[in-house]
Amino acid sequence: MWSEIIREFADSPSQSRVVKFLLENGFGVNADGRITCNGIEIPATQVAKALDTDRRVVDATAQRILSMPLHRDIFTFMRAAPDLTRVAEHLGLSVMTILPRDAREKGIVSAAVRLIAEEGLSIRQIFVTDPLLSEEPRLVVIIDGEFPPSIIEGIRRLPQVRQVTF
Numbered sequence: 169m170w171s172e173i174i175r176e177f178a179d180s181p182s183q184s185r186v187v188k189f190l191l192e193n194g195f196g197v198n199a200d201g202r203i204t205c206n207g208i209e210i211p212a213t214q215v216a217k218a219l220d221t222d223r224r225v226v227d228a229t230a231q232r233i234l235s236m237p238l239h240r241d242i243f244t245f246m247r248a249a250p251d252l253t254r255v256a257e258h259l260g261l262s263v264m265t266i267l268p269r270d271a272r273e274k275g276i277v278s279a280a281v282r283l284i285a286e287e288g289l290s291i292r293q294i295f296v297t298d299p300l301l302s303e304e305p306r307l308v309v310i311i312d313g314e315f316p317p318s319i320i321e322g323i324r325r326l327p328q329v330r331q332v333t334f
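For the sequence shown, this note's numbering gives the first residue as 169, with consecutive numbering after it.
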């Protein structure tokens, strides 16, 4: 799905960058063609500044999204979710980042979650960056307390895992 959305903008590298940025950040587009985050408008100038592009490119991208029925349906319902990684330590949580050998391979998430669940740990948050939207896709798992050494080693031994960081 994401590749189809991005492919639609392949004729315009600058608009393609805007679409990718919107998807990576969970930003939407409202019926007025404004960039939004969970219903709150984000000025096009701020998006343009983040991408080192012109505000008009952001506005044109939003209008183009609205002109395409499938894209309009996706972006008008897009929602951003909180990422606890930066505040985990303050909440008594631990963060494990898993870099896969090949993010397109199936079973990475289920294998990691199975090991964690078998240990009886409580997962507070889990998210995966899409390999089509991220240069370095990853699986991030946040749990209550600390990761036991047995879980760390078990995940490191999974054939799909290239690297584990904390």
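Heads up, the beta-carbon is just placed ideally off N, CA and C, and yes, glycines get one too.
None of the values given here were measured: they were computed from a predicted structure.
Could you give the DSSP three-state label for residue i: helix, strand or coil?
i, result
"G196", "strand"
"F177", "coil"
"R324", "helix"
"F149", "This structure cannot settle anything about residue 149, because the visible part of the chain is limited to 169 through 334."
"V329", "strand"
"T213", "helix"
Using a Cβ-Cβ cut-off of 7 Å (strictly less than) and excluding sequence neighbours within five positions of residue i, which residues of its own chain qualify?
i, result
"T229", "Q183, V186 and V187"
"F315", "S262 and M264"
"L301", "W170, K188, L191 and E192"
"S278", "none"
Check for me: the alpha helix (DSSP H) holding residue i runs from which residue to which?
i, result
"L238", "P237 to F245"
"L267", "Taken as a continuous stretch (DSSP letters only), L267 belongs to no alpha helix (DSSP H), being part of the beta strand (DSSP E) at L261 to P268."
"L307", "Taken as a continuous stretch (DSSP letters only), L307 belongs to no alpha helix (DSSP H), being part of the beta strand (DSSP E) at L307 to D312."
"R282", "I276 to E286"
Can you give me the Cβ contacts of residue i inside the same chain, cut-off strictly under 6 Å, excluding the 5 residues immediately before and after it?
i, result
"C205", "F195 and A248"
"F243", "G196, V197 and I233"
"S295", "Note on residue identity: the sequence assigns Phe, not Ser, to residue 295. Excluding positions up to five away in sequence, the list reads V308."
"L289", "I311"
"V226", "V186, A212, V215 and A216"
"R223", "A212, T213 and A216"
"I326", "This sequence places Leu at residue 326; Ile is not what is there. Answer for L326: A279, listed in chain order."
If we count the other Cβ atoms within 10 Å of its Cβ and call it buried at 16 or more, is residue i buried or exposed?
i, result
"V255", "exposed"
"A199", "exposed"
"I291", "exposed"
"I203", "buried"
"I208", "exposed"
"F177", "buried"
"P268", "buried"
"A280", "buried"
Sorted by chain position, which residues of the same chain lie with C-beta nearer than 8 Å to residue i's C-beta, five sequence neighbours on each side aside?
i, result
"G275", "Q328"
"A218", "F189"
"R272", "P299"
For the beta strand (DSSP E) that residue i lies in, which residues bound it at each end?
i, result
"T253", "Element bounds for T253: n/a, residue is neither H nor E."
"T204", "I203 to C205"
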